[in-house]
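What follows is a short report on a single structure.
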Amino acid sequence: MLQLRPNCECCNTDLPPAALNARICSFECTFCADCADTKLNGICPNCRGELVRRPVRPAAKLANNPPSTERVFKPLGCAQKADSAASA
């Protein structure tokens, strides 16, 4: 089951479970649409996988299947990998 992480790894923007601007890779690394599009060019800086829109879990399912509360914030990793990908 998806973790539904609560924030963007690059800019720390909150991404609640119903956020339509959340993007994930197949490993569930999570980014906001702005960072995914402008900084990362749709590619996860951690695994180099494609970033796609994270599905929204129905509100009625959140009580028994809550989102993750663990925040992952790696702004330097995003900047370094995005910069090196742009120059490659």
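Each residue of the sequence shown is one higher than the one before, starting from 263 at the first, in the working numbering.
Every residue gets a Cβ at the ideal spot worked out from N, C-alpha and C, and that includes glycine.
{"Item": "So, with DSSP's three-state summary, where would you put residue 292?", "Value": "strand"}
{"Item": "Pull up the distance between the alpha-carbon of residue 321 and that of residue 301, whole angstroms please.", "Value": "31 angstroms"}
{"Item": "Span of the beta strand (DSSP E) holding residue 284?", "Value": "284-286"}
{"Item": "Taking contact to mean 3 or more Cβ pairs, one atom from each stretch, closer than 8 angstroms, check whether the segment 294-308 and the segment 318-334 are in contact.", "Value": "no"}
{"Item": "Starting from the C-beta of residue 293, find all residues in its chain whose C-beta is less than 7 angstroms away, skip the five residues before and the five after it, and write them out in chain order.", "Value": "270, 271, 272, 285, 302 and 313"}
{"Item": "Suppose you measure from the CA of residue 222 to the CA of residue 311; what does that come to, to the nearest Å?", "Value": "Look at the range of the chain in this structure, 263 to 350, and you will see that residue 222 is not part of it."}
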